[in-house]
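Under full-length UniProt numbering, the first residue of the sequence shown carries the number 1, and numbering increases by one thereafter.
The structure under discussion appears below in the form of structure tokens.
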Amino acid sequence: MSTKHSLAAAEFLKDREKASWHDRTLWMVRQKRDRMSRSVPEWEQLRDAACALKMYSNSHLAELLAEFEKNATANGAVVHWASDAQEYRETVLKILQEHKARLFIKSKSMLAEECGLNPFLEENGIETVESDLGERIVQLMHVRPSHIVLPAVHIKREEIGKLFEKEMGTEPGNCDPTYLTHAARKNLRQIFKRADAAMTGANFAVASTGETVVCTNEGNADIGTSLHKLQITAFGLEKIVPDLDALGVFTRLLARSGTGQPVTTYTSHYSRPVDGGEFHIIIVDNGRSRILAEKGHVKALNCLRCGACMNTCPVYRHSGGYSYTYFIPGPIGINLSMLKNPEKYHDNVSACSLCMSCSNVCPAKVDLGEQIYLWRQSLDGLGKADRMKKVISDSMEIIMDHPAVFNTALKAAPMVNSFPRSLVYNRLNTWGEGREMPQFAKESFNTLWKKGKVK
């Protein structure tokens, strides 16, 4: 019953120290989120409002996007539309080539990761540099982010020290976080100065004003947009919000949920090009409009990309981001990957304990755990159900439907206690590789009750 996820998770868990540190780090972020939520008396009302606003935006997407385009154009921006990843990549490339840009610096964008923007630009002769510190670290390591907000959370500072020593010439053996941060800042400043254009993603796009909103803690988006005449912003169409009042609801929830901060250090609004410059906005679909037709899963579009579901998920915390086969890991990644391609990503649905903690912490009330359960129910119809699990499930159904069989099985269960370990823990029992079979009680609770042994 092994899956791609379970095999990758087993590999991650071989380094027990690192796995334990990964778990503790993310749980610390979850606890910070809890303290923040308790400090806001109207927290649950804000979550309800965020969910309602997202559902409204989803059901009025066409008019809100048209309103955004009208207002953004009036502000002096140039709005482009991309139906899929290829059109998005080609639009960015065309803009850069028209301006003869050879060095391109960008702030964090999961959309760019989703659409494979960086390797595409590199293949076409445009050097692309990530300016977010975590993203820069994983870029230099030639690996993908393992978390949507904390992309390098799985990398220890000793590893970063060695990386910077190789790439930036830092002091050998120096892994002090402050020293490494200053070294990265100095290195990136030089790249900022030489770059020909800058790009940002967008946390939100406000229909009523035609502006995009970017939330960062490092100020890298602001440096890029301030230094360069050519600015490109790209976002998925689900980022649209009706107005500034709605935006206020989301900004109160985003940082508190994602990193346990009252607000991100920088919340920047972009509405027009710098003097003498150009501001290009690319609105990307890439399968999002199709999700609107998925009645059981449409709430996946509510996601704010805060990462709270990953920070609380016991499976993600103990298995790491690379154990998932989709570029977004964790509960939201499981759902988005199944919406993208269930044939390809069905293995990920096993990476869930159905504890529902993800649903409970989501600021926009995406029913993540419930959606994963629905996906599991659909595996048989897709022809992707695990055969062994199906045999066990069908057997349990027979036992539970027939009291006589159930009682016989109950009486026979204690016999397992005396079985040789080699019989119980064999190569077919992958469940038992990291677990001990519990001891069956000699008498059931029902039997003890009838004998008067329970008071």
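Note that beta-carbon positions come from the ideal geometry of N, C-alpha and C, so glycine has one too.
Query raised in the report: Are there 16 or more other CB atoms within 10 angstroms of the CB of M28, so buried, or fewer, so exposed?
Result: Position 28 of the sequence shown, counted from the first residue, corresponds to residue 28. M28 comes out exposed.
Report task. Indicate whether I137 and P119 have their beta-carbon atoms separated by less than 9 Å. Result -> For the purposes of this step, residue 137 is identified with residue 137 of the sequence shown, where counting begins at 1. For the purposes of this step, residue 119 is identified with residue 119 of the sequence shown, where counting begins at 1. Taking 9 Å as the Cβ cut-off, I137 and P119 do not qualify as a contacting pair.
Report task. Can you have a look at T178 and say buried or exposed, based on whether 16 or more other CB atoms are within 10 angstroms of its CB? Result -> Stepping through the sequence shown from its first residue, residue 178 is reached at position 178. So T178 ends up on the exposed side.
Requested in this report: Would you mind sorting I283 into buried or exposed? The rule is 16 or more other CB atoms within 10 Å of its CB.
Outcome: Within the sequence shown, numbered from 1, the residue matching residue 283 stands at position 283. It is buried - the Cβ of I283 has at least 16 other Cβ atoms within 10 Å.
Query raised in the report: What are the boundary residues of the alpha helix (DSSP H) that T408 is part of?
Result: As a first step, residue 408 is located in the sequence shown; it is residue number 408 there, counting from the start. Per DSSP, T408 belongs to the alpha helix (DSSP H) from P403 to A412.
**Report entry** Beta-carbon proximity check, A8 vs G320, cutoff 9 Å
**Finding:** One-based indexing of the sequence shown puts residue 8 at position 8. One-based indexing of the sequence shown puts residue 320 at position 320. Yes, the Cβ-Cβ distance between A8 and G320 is below 9 Å.
Requested in this report: Buried or exposed for C309, please, with buried defined as at least 16 other CB atoms from any protein chain shown within 10 angstroms of its CB.
Outcome: Translated into positions along the sequence shown, residue 309 becomes position 309. Buried, since its Cβ has 16 or more Cβ neighbours within 10 Å.
Query raised in the report: Are the Cβ atoms of R194 and L103 separated by less than 9 Å?
Result: What you label residue 194 is simply residue 194 of the sequence shown in a count that begins at 1. What you label residue 103 is simply residue 103 of the sequence shown in a count that begins at 1. Yes.
Query raised in the report: In this structure, does DSSP put C51 in helix, strand or coil?
Result: Numbered from 1 along the sequence shown, position 51 holds the residue referred to as residue 51. Helix.
Query raised in the report: For the alpha helix (DSSP H) that contains L133, what are its first and last residues?
Result: Looking up residue 133 in the sequence shown gives position 133. Per DSSP, L133 belongs to the alpha helix (DSSP H) from L133 to M141.
**Report entry** Simplified DSSP state of T209, which is helix, strand or coil
**Finding:** On the sequence shown, position 209 is the one that residue 209 refers to. In this structure, T209 counts as coil in the three-state DSSP scheme.
Report task. Return the chain-ordered list of same chain residues with a C-beta closer than 8 Å to the C-beta of P342, the five sequence neighbours on each side being excluded. Result -> Within the sequence shown, numbered from 1, the residue matching residue 342 stands at position 342. If we look at P342 and ignore the five residues flanking it on each side, its Cβ neighbours are W375, S378, L382 and K384.
Query raised in the report: Should L53 and F235 be called a contact, given that it needs their Cβ atoms to be closer than 9 Å?
Result: The residue you call residue 53 lines up with position 53 of the sequence shown. The residue you call residue 235 lines up with position 235 of the sequence shown. No. Outside cutoff.
Query raised in the report: What's the C-alpha gap between I399 and K156?
Result: By one-based count along the sequence shown, residue 399 stands at place 399. By one-based count along the sequence shown, residue 156 stands at place 156. Their Cα atoms are separated by approximately 49 Å.
Requested in this report: Taking C313 as the reference, give the member of Q31, V391, T3 and S2 with the closest Cα.
Outcome: Locating residue 313 in the sequence shown gives position 313, counting from the first residue. Answer by Cα proximity: Q31.
Query raised in the report: At which residues does the beta strand (DSSP E) containing V284 begin and terminate?
Result: Taking the first residue of the sequence shown as position 1, residue 284 is located at position 284. Where V284 is concerned, the enclosing beta strand (DSSP E) stretches over E278 to V284.
**Report entry** W81 - partner residues in DSSP beta bridges
**Finding:** Numbered from 1 along the sequence shown, position 81 holds the residue referred to as residue 81. DSSP lists I283 as partners of W81.
Query raised in the report: Where does F445 sit, in a helix, a strand or coil, going by DSSP?
Result: Taking the first residue of the sequence shown as position 1, residue 445 is located at position 445. Note: F445 maps to helix in three-state DSSP.
Requested in this report: Can you say whether H180 is buried or exposed, counting buried as having 16 or more other CB atoms within 10 angstroms of its CB?
Outcome: Here residue 180 corresponds to residue number 180 of the sequence shown, with the count starting at 1. Per the sequence shown, residue 180 should be read as Leu rather than His. Classification of L180: buried, given that the 10 Å Cβ count is 16 or more.
Report task. Look up F440 in the DSSP assignment and say whether it is helix, strand or coil. Result -> Counting from one through the sequence shown, the residue named residue 440 turns up at place 440. Reduced to three states, the DSSP call for F440 is coil.
Requested in this report: Would you kindly report the start and end of the unbroken alpha helix (DSSP H) that includes Q231?
Outcome: Here residue 231 refers to the residue found at position 231 when the sequence shown is read from its first residue. Careful: Q231 lies outside any alpha helix (DSSP H), inside the beta strand (DSSP E) at L230 to G236.
Query - Cα-Cα separation between E238 and E42, rounded to whole angstroms - result: Against the sequence shown, residue 238 aligns to sequence position 238. Against the sequence shown, residue 42 aligns to sequence position 42. The straight-line gap from Cα to Cα measures roughly 25 Å.
Query - Same chain, Cβ closer than 6 Å to E167, neighbours up to 5 away in sequence not counted - result: If you number the sequence shown from 1, residue 167 lands on position 167. So the qualifying residues of the chain are L140.
Query raised in the report: Alpha carbon to alpha carbon, how far is A101 from Y326?
Result: Along the sequence shown, read from residue 1 onward, the residue named residue 101 stands at position 101. Along the sequence shown, read from residue 1 onward, the residue named residue 326 stands at position 326. Approximately 31 Å, taken between the alpha carbons.
Query raised in the report: From L244, F279, N220 and D222, pick the residue whose C-alpha is nearest to that of L230; which is it?
Result: By one-based count along the sequence shown, residue 230 stands at place 230. Per the Cα distances, F279.
Query - Beta-ladder partner(s) of V241, from DSSP - result: Here residue 241 corresponds to residue number 241 of the sequence shown, with the count starting at 1. Beta-bridge pairing links V241 to V206.
Query raised in the report: Can you name the start and end residues of the beta strand (DSSP E) that K106 belongs to?
Result: Indexing the sequence shown from 1 puts residue 106 at position 106. Its beta strand (DSSP E) spans residues L103 to K106.
Report task. Decide yes or no for the touch test of the segment 215-223 against the segment 74-88: beta carbon pairs closer than 8 Å, at least 3 of them. Result -> no
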